[in-house]
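Participant: Let me give you the structure first, and then I'll get to my questions.
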Amino acid sequence: MKQFQLTMKDLCMTNLKHPGIKLIRKNTIFYVLTCCIIFILKYHYSQASCNNLAWMLSPTATLVEFVTGIDFLYEPQTGFISHQCHIIIAPACAGVNFMITALGLTAFSGFSHMIGKHKFLWLIASVLWAYSVTLCVNTLRIMISIFTYQSTLFGGYLTWERIHRLEGIFIYCIALYGVHAIVRMGVRYYGHALNSKKIISTPSAFFSESTAIWIGITPLIWYIGLTIIIPVLNGAYKKNTSMFIEHCLMVFLISGMCWGGTVLFHKLRNRE
């Protein structure tokens, strides 16, 4: 029994000395700050009216107008409306959940590679980066939605709402993989600029991203966590259980395809 207790104690001490555990403890305050920002954004989005989301809807409408030439008129409590194309940029199109996901993915990917005040700079840069990417991705999604609505792609089971949801999930998944790839390159470049090669070579998680199976899993963890796990925990899914189940199936199907494609790409590239 004494020998078993000693073994368990040694095991615990070994786990505490794990590089991943050390990095988590070293960057705890920055993880907490990021989670606080995420909570504030999530709470704001859940309580906000159309007017409160003008900081996201207004620039999105402006970008769509600039790219497509379609005019949008703002109507309080509704959103930006195009009577010409019968399109509404409403609070549901704000993309705040995507911004939260991009923020968490970016910030958490970089803290362990930064030193000193650069961690605070990375947090600020993560917020600005997530906001900018969200505006661009939202603009793309709305442009595709306009094209889809004007086409004859939907009918029968594939209603406009279902296609619109599928488009959103697919675009957001692909965009998150793009965000993750750019952030990883940025982290390595920025880290080398700080002469922190030792930090860069240290694993920032309990598993190594060099393993092909785990490549690309990080974006999915964030996306599934924000779109499925949180609604289950806070009971939001109860508003329309059948639609939520359908949404979950779409998320798992599309995200699984994206992850499988990413793993296959890395395996084929490593063989070359």
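For the sequence shown, position 159 matches number 160 in this note's numbering, and the numbering has no gaps at all. Even for Gly, the Cβ is constructed at its ideal location relative to N, Cα and C.
#1: Quick check on the burial criterion: 16 or more other C-beta atoms within 10 angstroms. Buried or exposed for V65?
#2: Kindly give me the distance between the Cβ atoms of C174 and I246, rounded to whole angstroms, as I take these residues to be in contact under 8 angstroms.
#3: Using a Cβ-Cβ cutoff of less than 7 angstroms, which residues in the same chain neighbour T169 once the five nearest sequence positions on both sides are dropped?
#4: My output table needs one value for I71: the three-state DSSP class, helix, strand or coil.
#5: What are the start and end residues of the alpha helix (DSSP H) that includes G111?
#6: Does the Cβ-Cβ distance between A108 and T35 come in under 8 angstroms?
#7: Using the Cα positions of E162 and I89, report the straight-line distance between them to the nearest angstrom.
#8: Inspect the beta-carbon positions of L274 and F81 and report whether they are closer than 8 angstroms.
#9: With which residues is S146 paired in a DSSP beta bridge?
#10: Pick out whichever of H181, F266, P220, M144 has its Cα sitting closest to the Cα of V68.
#11: E76 to G236, Cα distance in whole Å?
#12: Enumerate in chain order the residues of its own chain whose CB-to-CB distance from M251 is below 8 angstroms, with the five nearest sequence positions on each side excluded.
#13: Given that a residue counts as buried once 16 or more other Cβ atoms are within 10 Å of its Cβ, and exposed if not, what is H84?
#14: Can you check whether the CB of Y224 is closer than 8 angstroms to the CB of T135?
#15: I need the DSSP call for G217, collapsed to helix, strand or coil.
#16: Rounded to a whole number of angstroms, what is the C-alpha to C-alpha distance between R185 and P232?
#17: State the beta-bridge partners of F81 as determined by DSSP.
#18: Name the residue from N241, G261, I229 whose alpha carbon lies nearest to the alpha carbon of G217.
#19: Which of helix, strand or coil does DSSP assign to A126?
#20: Could you tell me the boundaries of the alpha helix (DSSP H) in which H45 lies?
#21: For N98, tell me which candidate among S113, I38, L227 has the shortest Cα-Cα distance.
#22: Please classify V279 as buried or exposed, where buried requires at least 16 other C-beta atoms within 10 Å of its C-beta.
#23: From the DSSP output, in three-state form, read off L265 for me.
#24: Confirm, please, whether the CB-CB distance from V180 to G111 is below 8 angstroms.
#25: In whole angstroms, give me the CA-to-CA distance for K199 and H114.
#26: Taking C-alpha atoms, which residue in L265, A49, F31 lies nearest to T79?
Facilitator: Well, looking at it:
#1: For this step, residue 65 is matched to residue 64 along the sequence shown. By the neighbour-count rule (16 or more Cβ atoms within 10 Å), V65 is buried.
#2: Here residue 174 refers to the residue found at position 173 of the sequence shown. Here residue 246 refers to the residue found at position 245 of the sequence shown. About 19 angstroms separates the two Cβ atoms, so there is no contact after all.
#3: To locate residue 169, count along the sequence shown from 1; it is residue 168. Strictly speaking, residue 169 in this sequence is Gly, with Thr absent from that position. If we look at G169 and ignore the five residues flanking it on each side, its Cβ neighbours are R142.
#4: As a first step, residue 71 is located in the sequence shown; it is residue number 70 there, counting from the start. DSSP places I71 in the coil class of the three-state scheme, outside both helix and strand.
#5: In the sequence shown, the residue the question calls residue 111 occupies position 110. 97 to 111 is the span of the alpha helix (DSSP H), which, as asked, contains G111.
#6: Counting from one through the sequence shown, the residue named residue 108 turns up at place 107. Counting from one through the sequence shown, the residue named residue 35 turns up at place 34. In this structure, T35 lies closer than 8 angstroms to A108 by Cβ.
#7: For the purposes of this step, residue 162 is taken as the residue at position 161 of the sequence shown. For the purposes of this step, residue 89 is taken as the residue at position 88 of the sequence shown. Straight-line Cα distance between these residues: approximately 13 angstroms.
#8: Limits of the chain in this structure are 2 at one end and 273 at the other, which puts residue 274 out of reach.
#9: Here residue 146 corresponds to residue number 145 of the sequence shown, with the count starting at 1. Looking at the DSSP assignment, S146 forms no beta bridge with any residue, so it has no partner.
#10: What you label residue 68 is simply residue 67 of the sequence shown in a count that begins at 1. In this structure, M144 is the residue among H181, F266, P220, M144 with its C-alpha nearest to the C-alpha of V68.
#11: Stepping through the sequence shown from its first residue, residue 76 is reached at position 75. Stepping through the sequence shown from its first residue, residue 236 is reached at position 235. Spanning the alpha carbons of E76 and G236 requires a straight line of approximately 31 angstroms.
#12: The residue given as residue 251 occupies position 250 in the sequence shown. Same-chain partners within the cutoff: R166, L167, I170.
#13: Reading the sequence shown from its first residue, position 83 is the one you call residue 84. H84 comes out exposed.
#14: To locate residue 135, count along the sequence shown from 1; it is residue 134. To locate residue 224, count along the sequence shown from 1; it is residue 223. No, they are not a contact pair.
#15: Position 216 of the sequence shown, counted from the start, is the residue given in the question as residue 217. Of the three classes helix, strand and coil, the one that applies to G217 here is coil, per DSSP.
#16: For this step, residue 185 is matched to residue 184 along the sequence shown. For this step, residue 232 is matched to residue 231 along the sequence shown. If you draw a straight line from the Cα of R185 to the Cα of P232, it is about 29 angstroms long.
#17: Position 80 of the sequence shown, counting from 1, holds the residue named residue 81. Paired residue(s): Y75, I90.
#18: If you number the sequence shown from 1, residue 217 lands on position 216. Nearest option by C-alpha distance: G261.
#19: Indexing the sequence shown from 1 puts residue 126 at position 125. If DSSP states are grouped into helix, strand and coil, A126 belongs with the helices.
#20: Here residue 45 is taken as the residue at index 44 of the sequence shown, counted from 1. Counting along the chain, the alpha helix (DSSP H) containing H45 begins and ends at 29 to 48.
#21: Working through the sequence shown from its first residue, we reach residue 98 at position 97. For N98, the nearest C-alpha among the options comes from L227.
#22: The requested residue 279 is not part of the displayed model; the chain covers only 2 to 273.
#23: Here residue 265 is taken as the residue at index 264 of the sequence shown, counted from 1. Helix at L265.
#24: Translated into positions along the sequence shown, residue 111 becomes position 110. Translated into positions along the sequence shown, residue 180 becomes position 179. No; because the gap between Cβ atoms is not below 8 angstroms, this pair is not in contact.
#25: The sequence position of residue 199 within the sequence shown is 198, counting from 1. The sequence position of residue 114 within the sequence shown is 113, counting from 1. Residue confidence is low: K199 scores 46 on pLDDT, short of 50, so the model does not pin down where it sits. Its coordinate-derived value is still stated next. Straight-line Cα distance between these residues: approximately 9 angstroms.
#26: To locate residue 79, count along the sequence shown from 1; it is residue 78. Ranking the options by Cα distance to T79, first place goes to A49.
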